[in-house]
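This report concerns only the one structure given below.
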Amino acid sequence: MIEIQDLYKYYGERRVVGPLSAKIEKGEIVGLLGLNGAGKTTTLRVLACDLLPTSGTVRVGGFDVVEQPHEVRGKVGYLPDRPPLYDDMTVHEYLGYAARLRRVRPNDVEKRVSDVEGMTELGDVRRQLVGTLSHGFRQRLGIAQAIVHRPDFVVLDEPIGGLDPIQIVEMRGLVRGLRGEHTVVVSSHILHEISETCDRIFVIQNGEILWSGREADLSTQMEQGMRIRVTGRVAGVVEDAARDRLSALLIEVPGVRAVEPRDATESGDGVASVEVVAESDVRDALCRALVAGDTAVLEVSRLRDLETTFRALLEGSSS
Amino acid sequence: MNAVLLIARREFYAYLRSPLGASIIAAALVIDGLWFHLQGMSRPMLSAEVLQEFFNGASGTTMGAAIVLSMRLLAEERQTNTFTLLNTAPVRDVEIVLGKFLSAFSVIAIMTALTLYMPLLILVNGKVSWGQVGVGYLGLLLLGSAAISIGLFASALARSQVIAAVIGAAVLVVMLLLWLVARAVEPPLNTFIARLALHHENFRPFMQGILELRGVVYYLAVTYFFLLAATKTLEARRWR
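Chains Y and U, in that order, are what the protein sequence lines are. Going by our numbering, the residue at position 293 of the first sequence is 293; the numbering climbs one at a time, nothing skipped. Going by our numbering, the residue at position 208 of the second sequence is 208; the numbering climbs one at a time, nothing skipped.
This is the structure we're talking about:
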C-alpha cells in the first residue's frame, strides 16, 4: 500500500506539490492525470525516492521515503519520462546491470532478465546496442528495467510519450499486464489513456488532487447529462430527409434536450446520423421511438467526450 | 556483486568502449614521451635526475587525465538522465561515488603502468634504483587518486561535463598554487599552507624516491575529503 499524507514539495520558494494526500491499495493501477506542470512527475519522483519531500509523510509498502529510502527503493521500479538507458550497452547487458543494481540474487539474474525480455517482447533485440533502438523499444526497455527485480510497486511517468498508435496499444497491454502482481502508479496528461489503463484516477492540478475516483464517476459527475449518437435508416428517402425524420422522432422523447445533425457514420440509402443531448440515459426510449416511427435502428451509442469532461473539471476548479 | 564493484565495472567498460579512455591514455603517453625525451634525454644528467624529471612530467599528465576522466562520471549521467537508475536503486550515495572513483582510478593506473617503458629505457644506459621507481609510481597513483576525487566532486556539483571540467581544473590549480600563496604569507602560516599544496612539497619526495608518511597521508586525506564532499553533494541534491 502507498500512503501519502500532506505531501509538500517546494523548489526554492515555488510550491510544486501540496497539500497532497492519497492512499493506493495493493494491486491497484492508479493514474495521475494532469496538465504539464501540474506536479505529477514530482509526486512520482518522491514515490520512487528520487527526490525527498519538503514536508509530509510518504510510506511505500510500510517504509517511509525519508527514514527508510533504501528499503523503499528495493520495493519500487521506476520509469521516468526519459528512460534511464546506457546507449553503449546491449539490451541484455543493461537489464542484467539493472537487475544486479536492484539486488537480484546473482543466480536469478539471467532468468529474471530472460523473463522480462519475453514479457516486454525485447527478445529479438537483446544483443542490440541500446543506442540503436527505436523509440518504442526504448520505452519497452524502460519498463523492463523497472520490473526486472519484480518490485511490489511500479511507478511509470508518461509511459506512452512519443509512441505511435500501435505502440500505444502494445504499451497499454503491457501496463495492464502488471495488474495483480504489482501496484502501479502511472501518470499521463491524456485522459483517454489513463481511463483505458487505470482502475482509479487522481486528477492533479497545481500540485493538489482535484478529484479522485473511477473514470465513469468522473464522466457522470461532470457531464450532467449524456450525449448519444443515433444512426438510423429511413427507406426510400435521401440522407437529409432521413436526418430530418430522425430528428423529428427523437426530439419528442421525454428527457431529450436537443438533437444535433451529424455526418452519417455509415453509407447507404436513407442512412443518417444525429447526436442527442439528453438529461439521462434514454437510449432504450430512443430505440422504441425509432421503431415506432418505422425507422431501422443501426446504432445507438453513448459518447464519452472525456477530454471535454477533463477540461470542464479543470476550468471548474480554477473559477 | 558488491554495488561499488558493479558500478565500477560498468564505468570501466564505458571508458573502454568509448574513444575517451583510449584517447586520454594515448595523449598522456605522447606528452609523457615528449617530456621524457626533451627534459630527460637532451642533456647529460644522472639517471636519478632523469627519473625525477620523468615523474615530474608524468605528474602533470596524470592530473590532467584525471580531471578529463572524472568530469563525465556524474555530470554525464545527469545529462543523459541515467543517473535516475542509480538514484532509484537500493544503492547508497557513497557506493555510487566509490564505484565511479574506482573506474577512473583503474584507467589512471593502466595509463601509469604503460609509462613503465621510460624508466626501463633509463636502465639501458644508466643505473636505476627500483626504490625510486616504486616510490615515484606510488606518488603518481596517489596524486592521480587525489585529482580524480577533485574531478568527481566537480562532476557531482555540475550539470554539464564542461562545467565539471572547469570547476575541477579550477580547484586543482588553486591547490597547486598554494605554494605560491605560502610565499606571500608570514610564518608560521606559510608552512601550513605550503604543506597543503597538491604538488610542490608533497610530491617532490616521491619524485626523489623518498617515501614520507606525511605525503601518503596528505594524498589519502585529499582523496577522502573530496569523495566525502561528492557524496554529500549527491545527498543534498535529493532535497532540491
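Positions of the beta carbon are idealized from the N, C-alpha and C atoms, including for glycine. Here the structure is a predicted model, which means the values were calculated and not measured.
Below 8 angstroms on the Cβ atoms is my guess for residue i versus residue j; work out the distance and round it to an integer in Å.
{"i": "Asp81/Y", "j": "Asp157/Y", "result": "5 angstroms"}
{"i": "Gly61/Y", "j": "Asp152/Y", "result": "5 angstroms"}
{"i": "Val334/Y", "j": "Thr57/Y", "result": "This structure gives no information on residue 334/Y, because the portion of chain Y shown stretches from 1 to 319."}
{"i": "Thr231/Y", "j": "Glu121/Y", "result": "In fact, because the Cβ distance is near 38 angstroms, the residues do not count as touching under 8 angstroms."}
{"i": "Val109/Y", "j": "Arg100/Y", "result": "6 angstroms"}
{"i": "Ser47/U", "j": "Gly131/U", "result": "Not really, about 13 angstroms apart at Cβ, beyond 8 angstroms."}
{"i": "Leu33/Y", "j": "Ile194/Y", "result": "5 angstroms"}
{"i": "Val148/Y", "j": "Arg112/Y", "result": "6 angstroms"}
{"i": "Val97/U", "j": "Leu152/U", "result": "7 angstroms"}
Pull up the DSSP beta-bridge partners for residue i, would you.
{"i": "Asp64/Y", "result": "Arg59/Y"}
{"i": "Gly232/Y", "result": "Ala272/Y and Val297/Y"}
{"i": "Ile4/Y", "result": "Ala22/Y and Val58/Y"}
{"i": "Met118/U", "result": "Paired residues: none, contrary to the question."}
{"i": "Met89/Y", "result": "According to DSSP, Met89/Y bridges with nothing at all."}
{"i": "Ala258/Y", "result": "Val277/Y"}
{"i": "Val76/Y", "result": "Phe153/Y"}
{"i": "Lys111/Y", "result": "The partner list for Lys111/Y (beta bridge, DSSP) is empty, contrary to what the question assumes."}
{"i": "Gln205/Y", "result": "Glu208/Y"}
{"i": "Leu15/U", "result": "A quick correction: the sequence has Tyr, not Leu, at residue 15/U. Partner(s): none; Tyr15/U has no beta bridge."}
{"i": "Gly17/Y", "result": "Correcting the residue identity first, residue 17/Y is Val in this sequence and not Gly. Note: Val17/Y sits in a beta bridge opposite Lys9/Y."}
{"i": "Ile29/Y", "result": "Val184/Y"}
{"i": "Gly213/Y", "result": "Ile201/Y"}
{"i": "Met226/Y", "result": "Ala278/Y"}
{"i": "Leu129/Y", "result": "Thr90/Y"}
{"i": "Arg179/Y", "result": "His182/Y"}
Tell me, please, whether the CB atom of residue i is closer than 7 angstroms to any CB atom in chain B?
{"i": "Asp50/Y", "result": "No chain B appears in this structure, whose protein chains are Y and U."}
Kindly indicate which residue of the options has the alpha-carbon position closest to the one of residue i.
{"i": "Val184/Y", "options": "Ile168/Y, Ile190/Y, Leu191/Y and Leu174/Y", "result": "Leu174/Y"}
{"i": "Leu74/U", "options": "Thr223/U, Leu157/U and Lys232/U", "result": "Leu157/U"}
{"i": "Ala28/U", "options": "Phe225/U, Val107/U, Trp130/U and Glu235/U", "result": "Val107/U"}
{"i": "Cys198/Y", "options": "Gly142/Y, Arg233/Y and Ser187/Y", "result": "Ser187/Y"}
{"i": "Arg126/Y", "options": "Ala146/Y, Asp263/Y, Pro106/Y and Gly96/Y", "result": "Gly96/Y"}
{"i": "Ile31/U", "options": "Leu176/U, Ile96/U and Leu114/U", "result": "Leu114/U"}
{"i": "Ser280/Y", "options": "Arg227/Y, Arg262/Y and Leu313/Y", "result": "Arg227/Y"}
{"i": "His92/Y", "options": "Ala144/Y, Thr265/Y, Pro83/Y and Gly136/Y", "result": "Ala144/Y"}
{"i": "Glu3/Y", "options": "Val282/Y, Arg14/Y, His70/Y and Val46/Y", "result": "Val46/Y"}
{"i": "Arg238/U", "options": "Leu52/Y, Leu44/Y, Phe137/Y and Gln5/Y", "result": "Leu52/Y"}
{"i": "Val237/Y", "options": "Arg262/Y, Gly180/Y and Ala296/Y", "result": "Ala296/Y"}
{"i": "Gly207/Y", "options": "Gly12/Y, Glu13/Y, Pro159/Y and Pro19/Y", "result": "Pro19/Y"}
{"i": "Phe54/U", "options": "Tyr218/U, Ser23/U and Leu140/U", "result": "Leu140/U"}
{"i": "Arg10/U", "options": "Met89/Y, Thr54/Y and Ser55/Y", "result": "Met89/Y"}
{"i": "Arg105/Y", "options": "Asn2/U, Met111/U and Tyr219/U", "result": "Asn2/U"}
{"i": "Leu313/Y", "options": "Arg229/Y, Ser267/Y and Asp217/Y", "result": "Asp217/Y"}
{"i": "Thr73/Y", "options": "Arg14/Y, Ser55/Y, Val154/Y and Ser114/Y", "result": "Reading the sequence as shown, one finds Arg at residue 73/Y and not Thr. Per the Cα distances, Val154/Y."}
{"i": "Gln161/U", "options": "Glu76/U, Glu49/U and Leu20/U", "result": "Glu76/U"}
{"i": "His200/U", "options": "His37/U, Leu20/U, Phe36/U and Gly60/U", "result": "Gly60/U"}
Between the segment 200-214 of chain Y and the segment 37-45 of chain Y, can you find at least three pairs of beta-carbon atoms closer than 8 angstroms? In short, these stretches touch, since the Cβ pair count reaches three.
Closer than 8 angstroms is the cut-off here; do at least three beta carbon pairs connect the segment 124-144 of chain U with the segment 157-176 of chain U? no
With three or more C-beta pairs closer than 8 angstroms as the rule, is the segment 9-17 of chain U touching the segment 96-104 of chain U? yes
Tell me, please, whether the segment 63-73 of chain U touches the segment 21-36 of chain Y by the rule of three or more beta-carbon pairs shorter than 8 angstroms. no
Given 8 angstroms, three or more beta-carbon pairs between the segment 39-59 of chain U and the segment 69-85 of chain U: Segments in contact, no.
In chain order, what are the residue ranges of uninterrupted beta strand (DSSP E) at least 3 long that sit wholly in the segment 190-233 of chain U? Within the segment 190-233 of chain U, no complete beta strand (DSSP E) run reaches 3 residues.
Is there contact between the segment 210-220 of chain U and the segment 180-194 of chain U, where contact requires at least three CB pairs shorter than 8 angstroms? Contact between the segment 210-220 of chain U and the segment 180-194 of chain U is absent: fewer than 3 CB-CB pairs across the two stretches fall below 8 angstroms.
Mind the definition here: the segment 265-279 of chain Y touches the segment 242-252 of chain Y only if three or more C-beta pairs lie below 8 angstroms; say whether that holds. Enough Cβ pairs lie closer than 8 angstroms, so yes.
Would you check if there are 3 or more beta carbon pairs closer than 8 angstroms linking the segment 117-137 of chain Y to the segment 107-122 of chain U? Contact fails: fewer than three Cβ-Cβ distances are below 8 angstroms.
Check whether the segment 221-233 of chain U and the segment 149-166 of chain U touch, using three or more Cβ-Cβ pairs below 8 angstroms as the test. yes
Quick check on the DSSP output: what are the complete alpha helix (DSSP H) runs of length 4 or more inside the segment 70-142 of chain U, in order along the chain? 83-87, 93-113 and 117-125
Are there three or more Cβ pairs, one per stretch, closer than 8 angstroms when the segment 285-296 of chain Y is compared with the segment 251-269 of chain Y? yes
Enumerated in chain order, which unbroken segments of the alpha helix (DSSP H) with a length of 4 residues or greater are wholly contained in the segment 143-173 of chain U? none
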